[in-house]
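To start, the structure itself, in structure tokens.
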Amino acid sequence: MTRKLALLGSVACLLVSAGSALADDLPVRKAGLWEMKMARSGSAMPEMTMQHCTDESVDKEMANNVSPMAKQICSKQDVKKTVTGYISDSECSVAGINTTSHAEISGDFNSAYTVKTSSHAQGGAAGTAGRDTSMTLEAKWLGACKPDQKPGDIVMPGGFKMNIRDVDKLKALLPK
């Protein structure tokens, strides 16, 4: 159960960091099955690979559901278009932990894209001294979703499956 919560927490962090940018600024991904490899440094979380079945309505719903959550916890959310993609800078606070993040997003959202994020976190119950982490998400389009998948389904490592449309269930599992 702890592993599932850690995986869900990672997905939540990913969605909040990228979701605020999804709202109006990033193009919608091509419908179908996307493989997403996430590697983090400065964290105990191992590299993980997920598969996400999506369509235009799911990407828009993700933006609409995550963006309000990000607006509640983030005092700054800036997204800028660049020659090679997008840059996002944010300042967020959850459970007394203040996090400053910088993300560089490149790719075409039809076949592959990459998100490189660096962040600095400070605070928390133990008064954590600053901790720096970086994450790289590499996503590639695999084709049509599998016959047993519906838009919104995410298959996590170990076969754990959830649907992003159940974001309220995800929120309930995260620490307050």
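Read in order, the letters of the sequence shown are residues -23 to -1, 1 to 153 in mature numbering (1 follows the signal peptide of the UniProt record, and there is no 0).
Each residue gets a CB set at the ideal place from its N, CA and C atoms; glycine is no exception.
Exposure label - residue i; buried when at least 16 CB within 10 Å
i     : result
Ala40 : buried
Ser18 : exposed
Gly73 : exposed
Gln54 : buried
Ala80 : buried
Beta-carbon separation (whole angstroms), residue i vs residue j, contact threshold 8 Å
i           : j     : result
residue 154 : Leu10 : The chain is shown only over -23 to 153; residue 154 falls outside these bounds and no answer can be derived.
Lys93       : Cys30 : Contact doesn't hold; Cβ gap of about 24 Å is too wide.
Whole-angstrom distance between residue j and residue i, CA atom to CA atom
i       : j      : result
Asp1    : Thr61  : With a pLDDT of only 47 at Asp1, under the threshold of 50, the placement of this residue in the model should not be trusted; the figure read from the coordinates follows. Approximately 18 Å between the Cα atoms of the pair.
Leu(-2) : Gly135 : For Leu(-2), the pLDDT reaches just 46, beneath the cut-off of 50, and the residue's location in the model is therefore unreliable, although a value from the coordinates is still provided. Approximately 28 Å, taken between the alpha carbons.
His97   : Thr113 : 15 Å
Met13   : Thr26  : 6 Å
Ser67   : Thr91  : 18 Å
Ser83   : Asp125 : 30 Å
Met133  : Lys58  : 30 Å
Asp143  : Gln28  : 16 Å
Residues near residue i by beta carbon distance below 8 Å, same chain, minus five either side
i      : result
Lys37  : Val5
Ser88  : Lys7, Lys117 and Trp118
Lys123 : Leu10 and Cys30
Gly101 : Ala72, Gly73 and Ile74
Neighbour flag for residue i against chain B, beta carbons, 7 Å
i     : result
Tyr90 : Absent from the structure: chain B. Only one protein chain is present.
Residues near residue i by beta carbon distance below 7 Å, same chain, minus five either side
i      : result
Ile141 : Val35, Met39, Gly129 and Ile131
Asp32  : Ala8 and Pro128
Ser20  : Thr110
Proximal residues to residue i (C-beta, below 6 Å), its chain only, five neighbours per side dropped
i      : result
Met139 : Ile131
Cys69  : Ile50, Cys51 and Thr76
Ile64  : Lys57 and Glu81
Glu24  : Ala16
Gln99  : Asn75 and Gly107
Glu115 : Lys14 and Thr91
Residue range of the beta strand (DSSP E) that includes residue i
i           : result
residue 154 : Only positions -23 to 153 of the chain appear in the structure, and residue 154 is not among them; the question remains open.
Cys30       : Met25 to Thr31
Met139      : Lys138 to Asn140
Asp130      : Asp130 to Val132
Met13       : Gly9 to Ser18
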